[in-house]
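Here the structure is laid out as structure tokens; the discussion comes afterwards.
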Amino acid sequence: MSFAWAKPYEPKAPFMRWLDERLPLPRLAYGAVGGGYPVPRNLNYWWNFGVLAGLFLTVQIVTGIVLAMWYFSSADGAFNSVEHIMRDVNAGWAIRYIHMNGASFFFVVTYIHIFRGLFYGSYKAPRELVWMLGLVIYLLMMATAFMGYVLPWGQMSYWGAQVITGFFSAFPLVGEPIRVWLLGGYAPDQAALTRFFSLHYLLPFVIAAVVILHIWALHIPGSGNPTGVDVKDEKDTLPFHPFYTAKDGWAAAAFLTLFALFVYFAPNYLGHPDNYIPANPLATPAHIVPEWYFWPFYAILRAFTVDFILPAKLWGVLAMFSSILILFFLPWLDKSPVRSGSYRPVFKRFFWLLVIDVLILGYCGGAPATPFYVAVSQLAAAYYFAHFLIILPIVSSLERPLPLPDSISSSKLHGEKKEAAPAGISPRRGATAIVE
Amino acid sequence: MATLEQSAQGSDPAESGGGVRRRDFLNVGAVAFAGMGVVAVAFPLIQQMGPPADVLAQASTEVDISKIAAGQAIKTVWRKQPVFIRNLTPAEIQAANAVPLSELRDPQSLADRTKPGKTNWLITLGVCTHLGCVPLGTGEGENRGPFGGYFCPCHGSAYDTAARIRQGPAPKNLMVPEYEFLSDTTVRIG
Chain F
1 MSFAWAKPYE PKAPFMRWLD ERLPLPRLAY GAVGGGYPVP RNLNYWWNFG
51 VLAGLFLTVQ IVTGIVLAMW YFSSADGAFN SVEHIMRDVN AGWAIRYIHM
101 NGASFFFVVT YIHIFRGLFY GSYKAPRELV WMLGLVIYLL MMATAFMGYV
151 LPWGQMSYWG AQVITGFFSA FPLVGEPIRV WLLGGYAPDQ AALTRFFSLH
201 YLLPFVIAAV VILHIWALHI PGSGNPTGVD VKDEKDTLPF HPFYTAKDGW
251 AAAAFLTLFA LFVYFAPNYL GHPDNYIPAN PLATPAHIVP EWYFWPFYAI
301 LRAFTVDFIL PAKLWGVLAM FSSILILFFL PWLDKSPVRS GSYRPVFKRF
351 FWLLVIDVLI LGYCGGAPAT PFYVAVSQLA AAYYFAHFLI ILPIVSSLER
401 PLPLPDSISS SKLHGEKKEA APAGISPRRG ATAIVE
Chain C
437 MATLEQSAQG SDPAESGGGV RRRDFLNVGA VAFAGMGVVA VAFPLIQQMG
487 PPADVLAQAS TEVDISKIAA GQAIKTVWRK QPVFIRNLTP AEIQAANAVP
537 LSELRDPQSL ADRTKPGKTN WLITLGVCTH LGCVPLGTGE GENRGPFGGY
587 FCPCHGSAYD TAARIRQGPA PKNLMVPEYE FLSDTTVRIG
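Line order of the protein sequences matches chains F and C.
In case it helps, this note's numbering puts the first sequence at residues 1 to 436.
In case it helps, this note's numbering puts the second sequence at residues 437 to 626.
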């Protein structure tokens, strides 16, 4: 895989040679994240977020394994076991707050990673499968996050479980039996809690496996880049190590600093106070909303208020699922041969409109379901679907893109001759022409 | 940039031939900093495995011994481990004191293992020092072994009336925990 000029792995120490002949694991790492993976030289900071997502997945798995050592998934004891972790277990408060906020940060970096892909056309040929595997990871993340939020068995946990599994009851005939089957009862209880814990522990490892496929599929054509122009020769690339390990390391340090601010100074800012009240099956909290990372979808769910052929409840659920499923078709909805939004003046404007639209949806999803917010959600939800189904196909066929650079190096390596010249003898125009 | 300038003006030819460069300092600094971070992260992950505050809070327990007649023993619990409290009869005290210390695997006198003036109260952990089973000998009619103290059914270790190891694989006497008499009828263990 990768390019012809990728440096092959050459073990120097005798032990490494011995190992390479038997189990070429260092060779695999060298080719994947070492000096043997050539990466376009012009990646900007938006390209750091894939590695950051991997970092937060690791944080979640490590802290999650520790929490599972102390947590018990019993309807009587779950809430108290979480409080026990917070109060009595050594460093338990830190580990749980890291896990809680780690989930939010995992979604922050993943959303930035997704929108990076949307702007720079990362979903286009030959990277369609990279994009689709990424969406699979995202769906698994949502399922994992939802089930994890149920585990403390507080009020929001309980009613979150009730509402989310209630989605399935929207489907006619089979809906209610499916819901009862998912919960193992008529309402969330011991059976639901235990199976959510089991799956919450399992799914992160499934995510890790799909991440490996995601990276594997990415490394066949190699990483994209902000110009969207294909890599043509060795001048266009730099080895992953040390150039991008250093840059990713810098980004990781910067983002972990921000993460630490939340963990140590505002650990509950992104959560809901109601979840510190033990689950009560007889009283729903007054204002029930999911975690912030589900707000845009929650707004779409609530946007359907009128029965039209199908009941409104079913429309809401279908729309919510479709809003993600539609992204699987993106490589074919956007027909423009130009990848990067930087060279697509019309697309670029609509991209930012989509960002604003999703932010509005998010705000409405977190707000109480008053008529005003529902009306705004309806407009924003309609625009969301219009963006992918109407605007994108039309824009991509009518738009006249800006001229693309001949190559990555010609777009990035310019003016070096002038910059490198000693002060005072900067060559004039004519002279440059002769030199070149 | 600085590195380039340095080597361009460099008066030291070793600069290019394996000498120490600024870049090396940055490398060492970055790796050392990351190493500190790994240690800082590893510390709580290791520390959390230790006993939590609620377990440490169970470290002492108070027992009422007024109901234990001479010759009887009870089992109680301290730090989730069995503790034997035995009211020795004068004959048992005499038997324990009659053994010369030189014959013992783990030489201790009964006086070493009890409180002054309370030598009839033998308080030990009920954990065999071989592999941690609970020896027999507290309950009515239980096998007290050939030395009249305790007998471990797992591998046949026999303890005498001062709960000292006399026969079998166990290396040490039954452990005497820290305890004190709060009154004539109450002891606090731990």
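For every residue, glycine included, the Cβ atom is placed at its ideal position computed from N, Cα and C.
Ranking C/E578, C/A505 and C/G471 by CA distance to the CA of C/L558 puts C/A505 first. Annotation: the continuous alpha helix (DSSP H) that includes F/W332 extends over L330 to L333. Note that the C-beta distance between C/F583 and C/R602 is below 8 Å. Pairing C/R549 with C/V612 gives a Cβ-Cβ distance under 8 Å. Assigned with DSSP and collapsed to three states, F/R344 falls in coil, not helix or strand. F/S157 sits buried, since 16 or more C-beta atoms from the chains shown fall within 10 Å of its C-beta. By alpha-carbon distance to C/Y595, the top candidate from C/V499, C/L561 and C/V513 is C/L561.
Taken through DSSP and simplified to helix, strand or coil, F/E128 comes out as helix. A Cβ of chain F is located within less than 8 Å of the beta carbon of C/L481.
Distances from the CA of F/R116 to each of F/I220, F/V374, F/W352 and F/I390 were compared; the closest alpha carbon is that of F/W352.
Between F/N280 and F/Q155, the CB-CB gap stays under 8 Å. Cβ proximity to chain F below 7 Å picks out P480, L481, Q483, Q484, G486, P488, A489 and D490 from the stretch 467-498 of chain C.
Across the structure, F/L151 and F/A68 are spaced so that their CA atoms are roughly 11 Å apart. Out of C/V563, C/L537, C/R600 and C/A606, the CA that lies nearest to the CA of C/K511 is found in C/V563. F/N225 places its beta carbon less than 8 Å from that of F/P40. Residue contact with chain C for F/R41: absent (no Cβ-Cβ distance below 8 Å to any residue of chain C). Of all C-beta pairs linking the stretch 380-396 of chain F to the stretch 123-140 of chain F, fewer than three are shorter than 8 Å, placing the two stretches out of contact.
Counting only Cβ-Cβ distances below 7 Å, F/D88 has contacts in chain C at P488, A489 and D490, in chain order. Listed along chain C are P480, L481 and Q484, each with a C-beta nearer than 8 Å to that of F/I95. Judged by DSSP in its simplified three-state form, C/Q483 adopts helix. A straight line joining the alpha-carbon of C/D490 with that of C/A509 spans about 29 Å. At the C-beta level, F/G341 and F/K335 stay beyond 8 Å of one another. Per DSSP, reduced to three states, the secondary structure at C/R522 is strand. Between C/Y586 and C/A599 the beta-carbon gap is near 6 Å, inside 8 Å, which marks them as a contact. Neighbourhood of F/A29 in chain C, by CB distance below 8 Å: empty, with the nearest CB roughly 17 Å away. In this model, F/L218 and F/A32 are separated by some 10 Å (Cα to Cα).
Between F/Y373 and F/A380, the CB-CB gap reaches or exceeds 8 Å.
Straight across, the Cα-Cα distance linking F/V358 with F/W159 is about 25 Å.
With contacts defined as CB atoms closer than 8 Å, C/S496 and C/G626 qualify as a contacting pair. F/L238 and F/S411 have their C-alpha atoms some 15 Å from each other. C/A509 is bridged by DSSP to C/R522. In terms of Cβ geometry, C/P487 and F/I95 do not form a close pair [threshold 8 Å]. Counting C-beta atoms within 10 angstroms of its own C-beta, F/N44 has fewer than 16 neighbours from the protein chains shown and is therefore classed as exposed. Distance from F/K7 to F/A170 at the Cβ level is roughly 55 Å; contact not present, criterion being Cβ atoms closer than 8 Å. Not flagged as an interface residue toward chain C: F/H241, since no C-beta distance is shorter than 8 Å. Under the DSSP definition of a beta bridge, C/E616 partners with C/R624.
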